[in-house]
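Let me begin by presenting the structure, written as structure tokens, before commenting on it.
Chains as they are written, first to last, in the numbering used here: chain L, 15 to 347; chain U, 99 to 547.
Put into structure tokens, the structure is as follows:
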């Protein structure tokens, strides 16, 4: 069979091809923003830029913790420099404080306009105003009979209950105190069984007062009922299942989903509705990649701040436009 | 013909008799590996507060008996030496045993992890040897409750390899997921996820954090002031690419290094894994094993050194290790007789037996670590120096290296060392010298024993 190609037919074919390609291009162009929104781990152009690169302006040295107050002032614990560095939501450095009062700041939490700082080397919890004025030592190891000696490695605030939680690497437990430093309750002991800890790391409080603990050396996250009375669930649910390598930091978003930063896999995993929704991040130094993420927190707009110890950097990720659970479903369906 | 066949068969039989024993598994040096399980609960039973269950597993190829041929010995460590308690034989793990779901092992200690449980204090060091005896033909396991060592037991959770390694997208030639070795080490050893905080030089002994025998790499005080006055500089990895015109370039030259740059990091001394060339003590990398045992002494974390430390240090500091057991063979530290030239200088000897002074005043108060051997107590590099860093005050010019006396230069002519240092010493100023030589400076008369 011979195919006869005339000039007329060729022109018609080229025109149809052009129309189709134009339509495809227009569709992609008009939907580009929605496509980006559907990939929450890409730093969006509308979010603040990644700031504090490689010991430049802020000159952070092993930052290990972050707290964000209701006005979106950002406080970063600069571990090896023994200070707190503050930023605004655009990533501009607005100040620093704590030199002379702090040795190894390892945890920060904001409550009622005060910044509470856990100091690993001094084995204490110090109180500053939001502008960096030192107020007092809230608690020092061995000074409270009910608490005894402790080495704090993280700090979290439950603003509703007026409680501060710190994890204690000496006793492998989580301790709750009130604004005055008075003992309220503690839970956990050394071990690997349910309810026990091995070097617990971050603590955070979710909706309903449930307490989430990164049980770092047991390579899991445990969720406790208010007061730490009962283990509600564990991640991974099946002991021995490998979900993390070194879960360091936790944050609960506005939808009640749990975000877990794993410093050795350089990933952040998101859990909701009893299952893993998605995870993002990979080893790297470019924007969007992670390098030893050690602390995470959300600001009021829902943007995710990730403190990367290995790069002395804080990366900011776009706020998920919708419930991440639904977002994830859209992505996978 | 028949006779010839019989002869051949007999010859074959004899050959089998001669060679077969050599082909059978020989396990005379203790089990090839010991696996340690440390857990807060076992078989539904929770360990007493402050303690953990500890179970040892090992293989004995060819043995099918109910009891192991190897015995288990536990170290009892004191400042004067180590003794070994015989804990008996292990028992063969059966499919119906309490640990059947846990590990496909062969022999286990204790006999029953629940009814004859071994629960050990958390944050203490325990040393077990499994073999024919505690002093020969054994393999050794170090146990640090409440953790199973992060540097072993990978076969139980193979994905833990991925915590440090990448197969195809690594950023370090050792297939690691980090550019700098210290970043990986400090992720746990900064005081947050290990009992050993190398930055501040602290160890968790269960009752609190105390000074570590290695000293701190970088300790600061409550006012943020740097307290470390000298340290083995393991913070140089990223500086190695600097150009000679950069001021930081000078830091790459170790004092006394003779102008050679050295890219020192944690894994130059320590291995991340247990290998044939690492010592159980601190996983030190050395062809000559370092025999040493940590222990708690009146709330202090101490180490009983027994052998090998001088040899270990001399892997780099090769001109400092001489004394009693070396080719120079000096039996006593006697001026003129014991001090010899080494590497172009006269140096205080190490590896010398100081037991001859044991009855004198100087030894009565000596608290510096010595290597305790069967034939005496020997001075080591660690007698005077920390391995990691020192915070002693009174740092002094290093006359051998500073500009005051004999400056060292790098290959492009820059003076590479002008500062003062405490030289990793354990005592302020010349306090180290006085620990042994007090009778030479005390009063105006010779010491009378």
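Using N, Cα and C, we set each Cβ at its ideal position, and we do this for glycine too.
Quiz item: What residues of chain L sit near residue 138 of chain U, judged by a beta carbon separation below 9 Å?
Solution: Residues of chain L whose Cβ lies closer than 9 Å to the Cβ of residue 138 of chain U are, in chain order, 203, 204, 205, 206, 207, 210, 212.
Quiz item: So what does DSSP say about residue 508 of chain U, is it helix, strand or coil?
Solution: Interpretation of residue 508 of chain U is limited by its pLDDT of 49, a score under 50 that renders its predicted location unreliable; the figure taken from the coordinates is listed afterwards. Of the three classes helix, strand and coil, the one that applies to residue 508 of chain U here is coil, per DSSP.
Quiz item: Considering only residues of the same chain and omitting the five flanking positions on each side of residue 434 of chain U, which have a CB-CB separation below 8 Å?
Solution: Reliability of the predicted coordinates at residue 434 of chain U is poor, the pLDDT of 48 falling under 50, and no value is obtained from them.
Quiz item: Can you name the residues of chain U whose CB is closer than 9 Å to the CB of residue 279 of chain L?
Solution: Ordered by position in chain U, the residues that pass the 9 Å Cβ test against residue 279 of chain L are 260, 261, 275.
Quiz item: Between residue 167 of chain U and the rest of its own chain, which residues show a CB-CB distance below 7 Å, the 5 nearest in sequence each way excluded?
Solution: Once the five neighbours on either side are set aside, the close Cβ partners of residue 167 of chain U are 158, 161.
Quiz item: Per DSSP, what kind of secondary structure is residue 55 of chain L in: helix, strand or coil?
Solution: With a pLDDT of 36 at residue 55 of chain L, under the threshold of 50, the modelled position of that residue is not reliable, and the figure given next carries that caveat. Assigned with DSSP and collapsed to three states, residue 55 of chain L falls in coil, not helix or strand.
Quiz item: How would you list, in chain order, the residues of chain L whose beta-carbon sits under 9 Å from the beta-carbon of residue 289 of chain U?
Solution: Residues of chain L with a Cβ closer than 9 Å to the Cβ of residue 289 of chain U are, in chain order, 118, 120, 134, 135, 165, 167, 183.
Quiz item: Does any C-beta atom of chain L lie closer than 8 Å to the C-beta of residue 396 of chain U?
Solution: Closer than 8 Å to the CB of residue 396 of chain U there is not a single CB belonging to chain L.
Quiz item: For the putative contact between residue 372 of chain U and residue 382 of chain U, defined by C-beta atoms under 8 Å, what is the C-beta separation to the nearest angstrom?
Solution: So it is not a contact: roughly 11 Å between Cβ atoms.
Quiz item: Would you report the Cα separation of residue 244 of chain U and residue 470 of chain U, rounded to the nearest angstrom?
Solution: Pairing residue 244 of chain U with residue 470 of chain U, the inter-Cα distance amounts to about 29 Å.
Quiz item: Is the region 256–274 of chain L touching the region 229–241 of chain L, taking contact as three or more C-beta pairs under 8 Å?
Solution: Yes, the region 256–274 of chain L is in contact with the region 229–241 of chain L.
Self-check item: Contact set for residue 98 of chain L: own chain, Cβ-Cβ below 8 Å, skip 5 residues either direction
Solution: So the qualifying residues of the chain are 89, 90, 91, 92, 110, 111, 112, 116, 119, 122, 129, 131, 142, 146.
Exercise. Could you check how far apart the C-beta atoms of residue 489 of chain U and residue 525 of chain U are, in whole angstroms? I think they sit under 8 Å.
Key: With 8 Å as the limit, residue 489 of chain U and residue 525 of chain U do not qualify as a contact, their Cβ atoms being about 11 Å apart.
Quiz item: At which residue ranges does the region 289–329 of chain U contain complete alpha helix (DSSP H) runs of 4 or more residues, listed in the order of the chain?
Solution: Taking only runs of at least 4 residues, no alpha helix (DSSP H) segment lies wholly in the region 289–329 of chain U.
Practice problem: Report the neighbours of residue 231 of chain L on chain U: residues whose CB is nearer than 7 Å to its CB, in chain order. | Solution: The answer, in chain order, is 245, 291.
Quiz item: Whose C-alpha, out of U:208, U:170, U:191, is nearest the C-alpha of residue 151 of chain U?
Solution: Ranked by Cα distance from residue 151 of chain U, the first of U:208, U:170, U:191 is U:208.
Quiz item: Any Cβ of chain U within less than 8 Å of the Cβ of residue 251 of chain L?
Solution: Not flagged as an interface residue toward chain U: residue 251 of chain L, since no C-beta distance is shorter than 8 Å.
Quiz item: Quick one, are the C-beta atoms of residue 261 of chain L and residue 218 of chain L less than 8 Å apart?
Solution: Annotated as distal: residue 261 of chain L and residue 218 of chain L, with beta-carbon spacing of 8 Å or more.
Exercise. Kindly indicate if chain U contains any beta-carbon less than 8 Å away from that of residue 297 of chain L.
Key: Answer yes: the Cβ-Cβ gap between residue 297 of chain L and chain U drops below 8 Å somewhere.
Practice problem: Name the one or two DSSP bridge partners that residue 470 of chain U has. | Solution: DSSP output for residue 470 of chain U lists U:475 as bridge partner(s).
Quiz prompt | is_contact[residue 313 of chain U, chain L] using C-beta, thresh 8 Å | solution = Judged by the 8 Å Cβ criterion, residue 313 of chain U is not in contact with chain L.
Self-check item: Short-range partners of chain A found in the region 70–100 of chain L, where Cβ spacing is below 9 Å
Solution: The structure shown contains no chain A; its protein chains are L and U.
Quiz item: For residue 225 of chain U, which residues does DSSP report across the bridge?
Solution: Residue 225 of chain U pairs with U:240.
Quiz item: What residues from the region 303–329 of chain L come within 9 Å of chain U, judged by C-beta to C-beta, listed N to C?
Solution: Under the 9 Å Cβ criterion, the region 303–329 of chain L contributes 305, 306, 308, 323, 324.
Quiz prompt | Rounded straight-line distance, which links the Cα of residue 300 of chain U to that of residue 482 of chain U | solution = Distance between the alpha carbons of residue 482 of chain U and residue 300 of chain U is about 19 Å.
Quiz item: Buried or exposed: where does residue 137 of chain L fall if 16 or more other Cβ atoms within 10 Å of its Cβ makes it buried?
Solution: It counts as buried.
Practice problem: Would you kindly check if the distance between the Cβ of residue 168 of chain L and the Cβ of residue 210 of chain L is under 8 Å? | Solution: In this structure, residue 168 of chain L does not lie closer than 8 Å to residue 210 of chain L by Cβ.
Quiz item: Are the C-beta of residue 260 of chain L and some C-beta of chain U separated by less than 8 Å?
Solution: Flagged as an interface residue toward chain U: residue 260 of chain L, by a C-beta distance shorter than 8 Å.
Quiz item: When you compare only the Cα positions, how much space is there between residue 234 of chain U and residue 169 of chain U?
Solution: If I take the Cα positions, the gap works out to 12 Å.
Quiz item: Which two residues bound the contiguous alpha helix (DSSP H) that contains residue 306 of chain L?
Solution: Secondary structure note for residue 306 of chain L: it is in no alpha helix (DSSP H), with a DSSP letter that is neither H nor E.
Self-check item: Distance CB(residue 179 of chain L)-CB(residue 225 of chain L) smaller than 8 Å
Solution: Contact annotation: residue 179 of chain L and residue 225 of chain L have beta-carbon atoms nearer than 8 Å.
Quiz item: Quick one: is residue 375 of chain U buried, meaning 16 or more other Cβ sit within 10 Å of its Cβ, or exposed?
Solution: Classification for residue 375 of chain U: exposed.
Quiz item: residue 215 of chain L touches chain U at which residues, Cβ-Cβ below 7 Å?
Solution: Per Cβ cutoff of 7 Å: 290.
Exercise. Alpha carbon to alpha carbon, how far is residue 211 of chain U from residue 175 of chain U? Give it in angstroms, no decimals.
Key: Approximately 24 Å, taken between the alpha carbons.
Exercise. Give the DSSP-derived three-state secondary structure of residue 91 of chain L in the structure shown.
Key: Looking at residue 91 of chain L - three-state DSSP - the assignment turns out to be strand.
Exercise. Below 7 Å CB to CB, which residues in the same chain sit around residue 363 of chain U once its five sequence neighbours on both sides are set aside?
Key: In chain order, 279, 280, 332, 335 place their CB closer than 7 Å to the CB of residue 363 of chain U, counting only its own chain and leaving out the 5 sequence neighbours on each side.
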